[in-house]
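Engineer: Take this structure first; my questions come after.
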Amino acid sequence: MKENCIDCILRTDNDITPEQLFFMTRYVPYSVVKMMGESPSCFFERTIEKFQGVMVYLDIIGFTKIVDGYMKTGRDVADLTNTLSDYYSVVIETVRGFGGSVFQFAGDSILICFNRLKDESDENNLRRALAAMILILELSNNYNTVSEEFVNFTLKPKIGMGQGEIFQIFLGDTEYSMTPVLTGAAVIQAIKMEEACTMQEIVVSIPVWNLACKIGLERYFAEQEGFYHLTDIPEDFAASVERPEYIDVETWFSNPRFYNRLYSFINPVIFNRIKNNVQGFDGEYRNVTCCMVRFDGVFGQAVSEASIAEGYESLNKIYKDLQDIANRFTGYCGKPDLSDKGIVFPVFFGMPVAIENKERMALLFAHKLIEEEVKAGGKIIVNVGISTGVVYAGEFGANMRKDFTIVGNAINFAARLMMNATNHGSFTVFIDEATKSKTDAMCETETMPGIMLKGFSEMQTVYHLLSIKRDVEKVNHKTELFGRSGELSALRALYERIRQGELCFAPIVGDIGLGKSYLVQDFVSDIMASYTDTVVMYGRAYPYEVSTPFFLWSDIIKRVVGITDSMQGEMLLLHVLNKFARELPAHKNWVSYFLSVLGYSFVENPVTAHLDPATKQQHFFALVYTLLVSYAESHPLVIVLENLQWADSLSLHLLSYISRQPKNAPILVVPVSRESKKIKRIFSLNNIKVMRLAPLSDTAASRLTAKLLNFETPDKLLSAKIVALSGGNPLYIQIIVESLISDEKIIKNNKGYYYPVKPIDDIKIPYTIENLIVVQLNALSYESQVICKNASAIGRTFSLSALEALMSETISSEVLERSLTELEESGFIICNNAKRTLFTFKDVMVRDVLYRTIIESTRRSLNIAMINYLEEKYKDNIRSVADKLLYYAKQAKDTDAIAKYTNLAAENECNA
């Protein structure tokens, strides 16, 4: 090992504050942080460390049921978050006080390590660990006595303890992020002992029992079926155990190697939060898709020093490959579990960062993961369980130690699916009903009825993923198109022009859910019915293909050239050579380069190999344009380019190139995109007129709502509520109606019409819509996200002066104005006056969703700031804003302010 390795030294261009360093240390086990600070050798070479110690696995009884109860009753998530934070503070401070390290949070469970210190005996090592656990039981009882009357539940831990060999393994590399994991005999024992717990208690393994006997504690344990249960607590035992010297993490901040070592163990998502001064992921309810992935065959025998050394390279490759594939499909890879039963990774889609089509992304991730493992020879077996549902997600822990994790039945169900999949062969993926219902169009599955899953009392129907279909992404519509007659007429007029030989462009731009793809499909169906000689070709971009050159155009180019999926090698090369010989004889030398751009591997022709990349790229553009024009000579051609906002840069350059060519070919190019600065610039530079979709008019939205509700007697009041909540977004209207049906607020009568079970006074915004809004917010700059959330605390309409009162001093007036402009361009807000001093959220739903994403503590401080702002502004006429002050006081849960302004508002009523 290299001494004083310079690889770890902090670069002078890195500006890191002590506060940021402290926040970073909370996401790494204390013993690893200590190793970072004290290690003189190259820290990153210490990939496998073996030591002796005591492991503890602590699990809270019935916690998932507690969370589910909160979610089902809609109770304030802040109550749950605050309770957990208070409880974990007690646990973690106790563990740290006795020299232990919290290595892993897995939902409601914690893995804790008490590694044997220098010159410490096994007996004293056990004393420290046992003293900490006994004290945690006592503190839990005290905590529950105080808190139960406020939160109506108790937090009771089951504790398993093991002793012996512990292996600390560093997985990953410094390119993305690393993670420390523990395995070994002591870890496996602790997990098994926790499973043997039947109530709040401590159960220990035989090695721990043997040590307990050596220190005279055998009479405090009772043996039951081979396990040793602590039945009585030795008097003053915890107080009698000497605590090790406590070293504050700030001791190591001055070490020039410390930051780079620490940074390598911080997930980029968490690091961005720290850099942007966002203190944590406060708990929230979120609809997510969870993949539980199990690898088997990495360790050829029981976990041991030899098997770990032998299997480390394979294990680390699995971890890095898993990270790469998860990142590609926007998944968040959690900490793995290593045991004699295999290696299990949780991968979450839709949390911490909200994403679209999370179910689809999860299936593509699982399919790609298995595909790559099969390609590698299939020696390592992979099984996956996928489940979708509402969970509690956020940071677990306290000020000293925390991590991001998720709790909910969806996680448990995915784990059960994963384990059951192992009984149905290698490389099996099982998915649940919720995931299947969102991915039917993209996959083939086999229904597996009558599957019994551990932890569930009834037989479950699950689905075996067989294959991913070639993605045609047909839009599934519940009804006809409403409110787009003008846009349809404009598209038909452009189509008539291409039939006269004119190349035309018809970009369609609009927010999520406004019906862009629906409009295109309706238009295409119309012209295909009227003109049978028309050919329609589709290209689609995806966020996970943004680095794949020409992905948007790839299928179109292959179809024009006549390349099929079955063509490979010499057969493919010969086919394209013949095509060029017939239509582009002067360009035959370009065939190998042409195919390489499309992703095929051929040795490039010497004639083109020496040319510079820019020249070759322009020639490729010219070849594609010529081939398209040649194809369109016999078939009027409509090219639909979906999801342009996700297109790779070369695909966009090709689009720009075609737009600048002679307009004398019967081709209609229909790019479909969301609002995007990049896309707006392309159309502007190429002088292409854009068709922008607006929300539906109230009349059209009402007609759509009535059609979807399908009431025998229209309910105009309910329709009006839905239209107002949706802001005229047709997708939102559809989702709201579907949620009313799935929640059984409206049911079908024997005539096939729906009717309300009882009057619907309040419509809850479905998780699907919340997710779509948060996805759009996440696409903005960090400053714009913060400003938008702060504005939501003011209300649907907000003044610039009020917003400035809520902003921190780090946000300059220039940044504020730039962010407001971005929010306007992105469709979040509308400016109400020429002076740009008054703004309104585009619709009330957007404002409400964004307000709910603000963590409770920040929400409270923002509302208090609004009270201070109004009190100062209206100090000479405070009565005029009494109602507003009362609203903000209630939002801040400030009892004194509530009482004050309730009285003032009441006085106003009396004087009215």
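No gaps in the numbering here: position 149 of the sequence shown is 614 in the working numbering, and each next residue is one more.
For each residue, glycine too, the CB sits at the ideal point set by N, CA and C.
Since we're looking at a predicted model, the values are computed, not measured.
(1) Inspect the beta-carbon positions of residue 759 and residue 812 and report whether they are closer than 8 Å.
(2) At the level of alpha carbons, what is the spacing between residue 1361 and residue 1375?
(3) Do the region 1276-1290 and the region 1242-1258 meet, that is, are 3 or more Cβ pairs less than 8 Å apart?
(4) For residue 1071, name the three-state secondary structure that DSSP assigns.
(5) Quick check on the burial criterion: 16 or more other C-beta atoms within 10 angstroms. Buried or exposed for residue 737?
(6) Roughly how many whole angstroms lie between the Cα atoms of residue 1178 and residue 605?
(7) Counting pairs of beta carbons, one from the region 1195-1205 and one from the region 1166-1175, are three or more of them closer than 8 Å?
(8) Cβ of residue 856 within 8 Å of Cβ of residue 879?
(9) With distances taken Cα to Cα, identify the nearest neighbour of residue 784 among 800, 601 and 618.
(10) Looking at residue 627 and residue 673, is the spacing between their C-beta atoms short of 8 Å?
(11) Give me the residue from 1283, 889, 1256 and 1262 with the minimum Cα distance to residue 1270.
(12) Kindly give me the distance between the Cβ atoms of residue 1356 and residue 1324, rounded to whole angstroms, as I take these residues to be in contact under 8 Å.
(13) Which complete beta strand (DSSP E) runs does the region 1034-1113 hold, if anything under 3 residues is left out?
(14) Is the beta carbon of residue 1258 less than 8 Å from the beta carbon of residue 1327?
(15) For residue 909, tell me which candidate among 928, 892 and 899 has the shortest Cα-Cα distance.
(16) Counting C-beta neighbours from all protein chains within 10 Å, is the total for residue 1337 16 or more, i.e. buried, or is it exposed?
(17) If distances are taken between C-alpha atoms only, which option among 1303, 652 and 1346 comes closest to residue 1370?
(18) Answer yes or no: do residue 1161 and residue 947 have a C-beta to C-beta separation smaller than 8 Å?
(19) Measure the beta-carbon distance from residue 593 to residue 564 and round it to whole angstroms, keeping in mind my assumption that it falls under 8 Å.
(20) Can you say whether residue 484 is buried or exposed, counting buried as having 16 or more other CB atoms within 10 angstroms of its CB?
(21) Could you name the residues that DSSP lists as bridge partners for residue 694?
(22) Check each candidate in 509, 1189 and 631 and name the one with the smallest Cα separation from residue 640.
(23) How is the beta strand (DSSP E) around residue 776 delimited, first residue to last?
(24) Of the residues 1120, 1099 and 682, which one's Cα is nearest the Cα of residue 701?
(25) For residue 454 versus residue 590, is the C-beta distance shorter than 8 Å?
(26) From the DSSP secondary-structure annotation, give me the bridge partner or partners of residue 522.
(27) Assess, as a yes-or-no matter, whether the region 1090-1099 is touched by the region 1117-1129 under the definition of 3 or more beta carbon pairs within less than 8 Å.
(28) Would you call residue 825 buried or exposed, if buried means 16 or more other Cβ atoms sit within 10 Å of its Cβ?
(29) Touching or not, the region 684-702 and the region 594-601, by the rule of three or more beta carbon pairs under 8 Å?
(30) Is it true that the region 1137-1154 meets the region 1034-1054, where meeting means three or more beta-carbon pairs spaced less than 8 Å apart?
(31) Return helix, strand or coil for residue 1226, following the three-state DSSP convention.
(32) Can you grab the Cα-Cα spacing for the pair residue 814 / residue 822, in whole Å?
(33) Based on Cα-Cα distance, which residue from 1072, 1280 and 1065 lies nearest to residue 1051?
(34) What three-state label does DSSP hand residue 1318 in the structure shown?
(35) Could you give the distance in angstroms between the alpha-carbon of residue 877 and the alpha-carbon of residue 584?
(36) To test your reading of the DSSP string, which unbroken alpha helix (DSSP H) runs of 4 or more residues are found completely within the region 933-1014?
Structural biologist: On the basis of the supplied data:
(1) If you number the sequence shown from 1, residue 759 lands on position 294. If you number the sequence shown from 1, residue 812 lands on position 347. Cβ atoms of residue 759 and residue 812: not closer than 8 Å.
(2) Here residue 1361 corresponds to residue number 896 of the sequence shown, with the count starting at 1. Here residue 1375 corresponds to residue number 910 of the sequence shown, with the count starting at 1. Each residue's alpha carbon lies about 22 Å from the other.
(3) The answer is yes - the region 1242-1258 touches the region 1276-1290, with three or more Cβ pairs under 8 Å.
(4) In the sequence shown, the residue the question calls residue 1071 occupies position 606. Of the three classes helix, strand and coil, the one that applies to residue 1071 here is helix, per DSSP.
(5) Working through the sequence shown from its first residue, we reach residue 737 at position 272. Exposed: under 16 other Cβ atoms inside 10 Å.
(6) Here the question's residue 1178 lines up with position 713 in the sequence shown. Here the question's residue 605 lines up with position 140 in the sequence shown. A straight-line Cα-Cα distance of about 57 Å links residue 1178 and residue 605.
(7) Enough Cβ pairs lie closer than 8 Å, so yes.
(8) Counted from its first residue, the sequence shown places residue 856 at position 391. Counted from its first residue, the sequence shown places residue 879 at position 414. Cβ distance not < 8 Å, so residue 856 and residue 879 don't count as in contact.
(9) Within the sequence shown, the letter at position 319 stands for residue 784. Checking every option, the nearest Cα to that of residue 784 belongs to 800.
(10) Start at 1 with the first residue of the sequence shown, and residue 673 comes out as number 208. Start at 1 with the first residue of the sequence shown, and residue 627 comes out as number 162. Taking 8 Å as the cut-off, the Cβ atoms of residue 673 and residue 627 count as close.
(11) Numbered from its first residue, the sequence shown carries residue 1270 at position 805. Looking only at 1283, 889, 1256 and 1262, the smallest Cα-Cα distance to residue 1270 is reached by 1256.
(12) Here the question's residue 1356 lines up with position 891 in the sequence shown. Here the question's residue 1324 lines up with position 859 in the sequence shown. Contact flag correct, Cβ pair sits at about 7 Å.
(13) Within the region 1034-1113, the complete beta strand (DSSP E) runs of at least 3 residues are 1102-1107.
(14) Here the question's residue 1258 lines up with position 793 in the sequence shown. Here the question's residue 1327 lines up with position 862 in the sequence shown. A contact, by the Cβ cut-off of 8 Å.
(15) Walking along the sequence shown from the start, residue 909 turns up at place 444. When 928, 892 and 899 are compared, the shortest CA-CA separation from residue 909 is found for 928.
(16) As a position in the sequence shown, residue 1337 is number 872, starting the count at 1. With fewer than 16 other Cβ atoms within 10 Å, it is exposed.
(17) Reading the sequence shown from its first residue, position 905 is the one you call residue 1370. Of the candidates 1303, 652 and 1346, the one whose C-alpha sits nearest the C-alpha of residue 1370 is 1346.
(18) As a first step, residue 1161 is located in the sequence shown; it is residue number 696 there, counting from the start. As a first step, residue 947 is located in the sequence shown; it is residue number 482 there, counting from the start. Yes.
(19) The sequence position of residue 593 within the sequence shown is 128, counting from 1. The sequence position of residue 564 within the sequence shown is 99, counting from 1. Rounded, the Cβ-Cβ distance is 6 Å, consistent with contact.
(20) By 1-based counting over the sequence shown, the position of residue 484 is 19. Flag for residue 484 reads exposed.
(21) Here residue 694 corresponds to residue number 229 of the sequence shown, with the count starting at 1. Residue 694 is bridged by DSSP to 668 and 687.
(22) On the sequence shown, position 175 is the one that residue 640 refers to. Minimum Cα-Cα distance from residue 640 among the listed residues 509, 1189 and 631 corresponds to 509.
(23) Translated into positions along the sequence shown, residue 776 becomes position 311. Counting along the chain, residue 776 falls outside any beta strand (DSSP E), though it belongs to the alpha helix (DSSP H) covering 770-793.
(24) Looking up residue 701 in the sequence shown gives position 236. Ranking the options by Cα distance to residue 701, first place goes to 682.
(25) The displayed coordinates of the chain run from 466 to 1377. Any statement about residue 454 would go beyond what the structure contains.
(26) Sequence index remark: in the sequence shown, residue 522 carries index 57 (1-based). DSSP output for residue 522 lists 576 and 625 as bridge partner(s).
(27) Under the three-pair Cβ rule at 8 Å, the region 1117-1129 counts as touching the region 1090-1099.
(28) Taking the first residue of the sequence shown as position 1, residue 825 is located at position 360. So residue 825 ends up on the buried side.
(29) By the C-beta criterion, the region 684-702 is judged to be in contact with the region 594-601, since at least 3 inter-stretch pairs fall below 8 Å.
(30) No: fewer than three Cβ pairs fall under 8 Å.
(31) By 1-based counting over the sequence shown, the position of residue 1226 is 761. The answer is coil: DSSP assigns residue 1226 none of H, G, I, E or B.
(32) In the sequence shown, counting from the first residue as 1, residue 814 sits at position 349. In the sequence shown, counting from the first residue as 1, residue 822 sits at position 357. So the two alpha carbons sit approximately 9 Å from each other.
(33) Here residue 1051 refers to the residue found at position 586 when the sequence shown is read from its first residue. Nearest option by C-alpha distance: 1072.
(34) Translated into the one-based positions of the sequence shown, residue 1318 becomes position 853. It is coil, neither helix nor strand.
(35) As a first step, residue 877 must be located in the sequence shown, where it is residue number 412. As a first step, residue 584 must be located in the sequence shown, where it is residue number 119. If you take the alpha carbons of residue 877 and residue 584, they lie about 42 Å apart.
(36) Listed in chain order, they are 950-963 and 981-995.
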